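Residue numbers (the working numbering): 967 to 1405. Think of the CB as a built atom: it goes at the ideal place given N, C-alpha and C, for glycine as much as any other residue. All of these numbers come straight from a predicted model, not from anything done at the bench. Read the structure below first, then the notes.
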Amino acid sequence: MKKDKFIIQGLGGQKKLSGEIEINGAKNAILKVMVSSVLFEDSFLMTNVPEIEDLNRMIEIFSGLGIKVIKKSKGEYLIDSQGINGKEIDEEISKRLRASILFTGPMLARFGKVTFPHPGGCVIGARPIDLFIDGFKKMGAKVEVKDEKYLVTAEGPNPMDGQMKKLKGTNIFFKVQSVTATETFIMAGVLAEGKTVLKNVAMEPEIISFVDFLNSCGAQITGAGTPTIEIIGGNLLKAEGKNYKTVPDRIETGSFLILGALCAKDLKISHCQPKHLEILIEMLRDSGADIEVGEDYLRIRDNNKNNAEIKSINIKTHEYPGFPTDLQAPMVVYLTQVTGESFIFETIFEGRLNYTDDLKTMGANIKMWDAHRATVTGPTLLKGRELDGPDIRTGFAFVIAGLVAKGESIINNVYYVDRGYENVEERLRKIGADIKRIN
Ligand code: UD1
């Protein structure tokens, strides 16, 4: 792991950032599309791909599975699964990258068996995999645990080649809405026998874009963007020259919008989809931010209000289209700067407020009630500090805190920021931020 750090000279609450920042393709869209190559008999091109560390980890997993990923130009990658083998997913990477769990669905559906360790990823709560295990069992698979690994084997006959066993289409009701479980079982259903019905699924825009692409290549999936998805199983998919263009990253967009509300004189956020961020726009406007919403851009200007005129707001994280848990930490930084008491209720992950202790060392007034609830009282002047980013989203929230604060901040563990955001320091410098990377 690289040990880079950011050195930031804070603006001390002044609104100075100006210019344009372009949004990249969504991390949470491209990782799934890459995994779906397991369902294909040919190759396809992906465009608007963000050059982030999680992409590199995925590419490492692919090379072990015999799937080629060829970089054509910046942001353009060809993915070719014609040499795919049914080997095990690299254990070390899998333990570090939660998204590796996505492989289980298509691998099991295509090869009739899959072995994997408990996946890792950001340290944001327990992150169980019970929905995956229960779902595979419902599709007729046998699940065993051996040497701390899960061994899942399909039990049904495979009409395609008599040898391999096939998953059986069935009804699966998810006890909680899960993004990755929804995507995993969509992929499992594409090669399963008969109809799979998934209920209480996640409705994130990245899932809709993913399903649109699979359907354009021969899949039969209906209902994406609603609570129920139906998949009619069939043969391997064929891209036949079709490309996947990665949807803009709404979390990156939202993070820059929050930064803009705190530090911008006049900032345009372009190449984005404001319609995927209605909740954040609504809330920032409620609190007093001046936001212009275009078809594919957002513009945020200094509202010329002092902190006393910016209102506090209450946040409850929720599955899409509710307030994204991935924007909770940046939003808490915002709330340290507004007048009054804001209440935060993190409903998705129980470990996701732990970073507030670090913000307190900068001068924030935050009271934690329990692992899910906190109150922020503002406004407070934040002072520059040395902080360790514990995960992707908090790492970026600390960058925002460093830019708002007075004095110098050092953000360690920049590796986490690099996992989800491409070239952040250069893009921030372009709009006037004083941020340097030290190796
Ligand atoms: C995805 C996103 C992540 C985001 C999260 C919630 C990717 C690569 N990551 O993560 O950025 O923070 O959605 O929007 O897309 N759960 C179970 N059992 C399971 C699986 C999940 O109880 O088997 C629970 C989780 O503990 C959590 C909730 O479901 O409370 C939602 O998690 P989930 O949507 O699965 O998160 P990820 O897909 O891992």
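Between the options, which lies nearest to residue i when the distance is taken from Cα to Cα?
i: I1095; options: T1136, Q1143, K1134; result: Q1143
i: L1293; options: F1364, K1326, G1329; result: F1364
i: L1063; options: D1100, K1104, R1023, N1137; result: R1023
i: A1337; options: D1323, G1317, P1356; result: G1317
i: A1075; options: G1032, M1153, G1049, G1191; result: M1153
i: V1167; options: E1057, P1287, I1279, K1241; result: P1287
i: D1020; options: G1032, K1211, G1030, I1059; result: I1059
i: Q1048; options: K1038, G1041, I1055, K1034; result: K1034
Note the first and the last residue of the continuous beta strand (DSSP E) segment covering residue i.
i: F1006; result: Here F1006 belongs to no beta strand (DSSP E), and DSSP marks it neither H nor E.
i: G1042; result: The question names Gly, but residue 1042 is Glu in the sequence shown. From DSSP, the beta strand (DSSP E) with E1042 extends over 1042-1046.
i: Q975; result: 971-975
i: K1402; result: 1400-1404
i: I1198; result: 1194-1198
i: E1352; result: 1352-1354
Going by the beta-carbon positions, is the gap between residue i and residue j smaller than 8 Å?
i: T1313; j: K1282; result: yes
i: I976; j: S1375; result: Before going on, a small fix: residue 976 reads as Gly here, not Ile. Closer than 8 Å, so yes.
i: V1015; j: I1036; result: no
i: T1148; j: I1197; result: no
i: N1378; j: L1353; result: yes
i: T1346; j: A1371; result: no
i: E1159; j: K1134; result: yes
i: E1391; j: F1098; result: no
i: V1342; j: I1310; result: yes
i: V1001; j: P1083; result: no
i: M1012; j: V999; result: yes
i: E1388; j: I1018; result: yes
i: E1007; j: L1157; result: no
i: I1138; j: L1164; result: yes
i: I1245; j: F1289; result: yes
i: G991; j: P1214; result: yes
i: I989; j: E1248; result: no
i: L1325; j: V1304; result: no
i: F1151; j: G1101; result: yes
i: S1308; j: N1280; result: yes
i: I1401; j: L1233; result: no
Is there a Cβ from chain D that is less than 8 Å from the Cβ of residue i?
i: G1361; result: No chain D is part of this structure, which consists of one protein chain only.
Under 8 Å by Cβ, that's how I've got residue i and residue j pegged, so tell me the actual separation to the nearest angstrom.
i: S1182; j: K1208; result: 5 Å
i: G1184; j: G1199; result: Going by Cβ atoms, the distance from G1184 to G1199 rounds to 12 Å, so no, they are not a contact pair.
i: F1362; j: S1221; result: 5 Å
i: K1061; j: V1118; result: The Cβ separation is near 18 Å, so there is no contact.
i: L1225; j: L1369; result: 7 Å
i: L1264; j: L1223; result: 6 Å
i: M1334; j: R1351; result: In fact, because the Cβ distance is near 19 Å, the residues do not count as touching under 8 Å.
What residues match up with residue i in a beta bridge as DSSP calls it?
i: M1265; result: Met is not the amino acid found at residue 1265; the sequence shown has Arg there. According to DSSP, which records beta bridges pairwise, R1265 is partnered with K1234, E1258.
i: F1077; result: In the DSSP output, where bridge partners are listed per residue, F1077 has none listed.
i: V1163; result: N1137, E1196
i: M1334; result: A1340
i: G985; result: L1233
i: T1119; result: K1079, K1108
i: E1307; result: T1343
i: E1172; result: Paired residue(s): none; E1172 is not in a bridge.
i: L1228; result: Looking at the DSSP assignment, L1228 forms no beta bridge with any residue, so it has no partner.
i: G991; result: P1214
Mind checking which residues open and close the alpha helix (DSSP H) that includes residue i?
i: K1326; result: 1322-1327
i: M1024; result: 1019-1031
i: Y1210; result: No alpha helix (DSSP H) contains Y1210, which is instead part of the beta strand (DSSP E) from 1209-1211.
i: L1369; result: 1358-1370
i: Q1186; result: First-last for Q1186: 1186-1188, but that is the beta strand (DSSP E), not the alpha helix (DSSP H).
i: N1270; result: No alpha helix (DSSP H) holds N1270; DSSP gives it neither H nor E.
i: V1156; result: 1145-1156
i: E1057; result: 1057-1062
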